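Here the sequence shown stands for residues 1 to 177, numbered as in full-length UniProt numbering.
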Amino acid sequence: MVTLKSASCFLNTSLKMEFPDLGKHCSEKTCKQLDFLPVTCDACKQDFCKDHFTFAAHECPFAFKKDIQVPVCPLCNSPVPVKKGELPDVVVGEHMDQDCKSNPGRSHEKIFTYRCSKEGCKRKEMLQVVCDECHSNFCIRHRHPLDHGCKQRGCPHQQSRVESKAMTPTTAPQPAH
Numbered sequence: 001m002v003t004l005k006s007a008s009c010f011l012n013t014s015l016k017m018e019f020p021d022l023g024k025h026c027s028e029k030t031c032k033q034l035d036f037l038p039v040t041c042d043a044c045k046q047d048f049c050k051d052h053f054t055f056a057a058h059e060c061p062f063a064f065k066k067d068i069q070v071p072v073c074p075l076c077n078s079p080v081p082v083k084k085g086e087l088p089d090v091v092v093g094e095h096m097d098q099d100c101k102s103n104p105g106r107s108h109e110k111i112f113t114y115r116c117s118k119e120g121c122k123r124k125e126m127l128q129v130v131c132d133e134c135h136s137n138f139c140i141r142h143r144h145p146l147d148h149g150c151k152q153r154g155c156p157h158q159q160s161r162v163e164s165k166a167m168t169p170t171t172a173p174q175p176a177h
């Protein structure tokens, strides 16, 4: 009869035989787990498994010598205080969700602010589109002088529009029978 403990021992032994230099044992006295992706403590320089890599988990004697760095919010560039034992990423994330002054989700700044001057048109644009002739603002659809019926005197577009209408026949001549 094979027990779970003996099967586990067999697996560890067979892995050690096949890959003797792969992985490292956790430096925690009560653990000693063979870890294939160990984390090296940047204070005491020892290797630990995923359960013991934090300063508190392995009671690191050199943790007090580490620089205490205050994370800075990437949106508003203000320092975010982190209490002992809290993860900086989580605290900065909460700051961005609640307290951040430049939260893009909270900004209600209008984007489409430039209203079309054409009578009856209610469209708005992000960019200002100014007519060179009458210097009024228009939407993309009415940006050309012919499209908004530019009333500027001496406007060559207006004159050519009038001339072209005068030259085009309104009714086609009927053939005589």
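Positions of the beta carbon are idealized from the N, C-alpha and C atoms, including for glycine.
Keep in mind it's a predicted model, so treat the numbers as computed, not measured.
With residue i as the anchor, note down where its alpha helix (DSSP H) starts and where it stops.
| i | result |
| --- | --- |
| His58 | Note, His58: premise wrong, no alpha helix (DSSP H); not H, not E. |
| Gln69 | Taken as a continuous stretch (DSSP letters only), Gln69 belongs to no alpha helix (DSSP H), as it is neither H nor E. |
| Val130 | It is not in any alpha helix (DSSP H) - Val130 carries neither H nor E in the DSSP assignment. |
| Val90 | Pro88 to Gln98 |
| Asp21 | Asp21 -> no alpha helix (DSSP H), and no H or E assigned at all. |
| residue 204 | The question about residue 204 has no answer, for the chain in this structure spans 1 to 177. |
For residue i, which residues in the same chain have their Cβ closer than 7 Å to its Cβ, ignoring the five residues on either side in sequence?
| i | result |
| --- | --- |
| Ser102 | Leu75 and Cys76 |
| Ile111 | Met126 |
| Lys29 | none |
| Cys155 | Reliability of the predicted coordinates at Cys155 is poor, the pLDDT of 48 falling under 50, and no value is obtained from them. |
Could you name the residues of the same chain whose beta carbon sits closer than 6 Å to that of residue i, not counting the 5 residues immediately before and after it, in chain order?
| i | result |
| --- | --- |
| Arg123 | Cys116 and Cys139 |
| Asp47 | Lys24, Ser27, Pro38 and Thr40 |
What do you get for residue i, buried or exposed, if any count of 16 or more other CB atoms within 10 angstroms of its CB means buried?
| i | result |
| --- | --- |
| Phe62 | exposed |
| His95 | buried |
| His142 | buried |
| Asp21 | exposed |
| Asp35 | buried |
| Pro145 | buried |
Which whole-angstrom value describes the C-beta separation of residue i and residue j, a residue pair presumed to lie in contact below a C-beta threshold of 8 Å?
| i | j | result |
| --- | --- | --- |
| Val39 | Phe55 | With a Cβ gap of about 12 Å, Val39 and Phe55 do not count as contacting. |
| Val72 | Val80 | 7 Å |
Which residues in the same chain as residue i place their Cβ atom closer than 8 Å to its Cβ, once the five residues preceding and following it in sequence are excluded?
| i | result |
| --- | --- |
| residue 178 | Here the chain covers residues 1 to 177 and nothing more, so residue 178 does not appear. |
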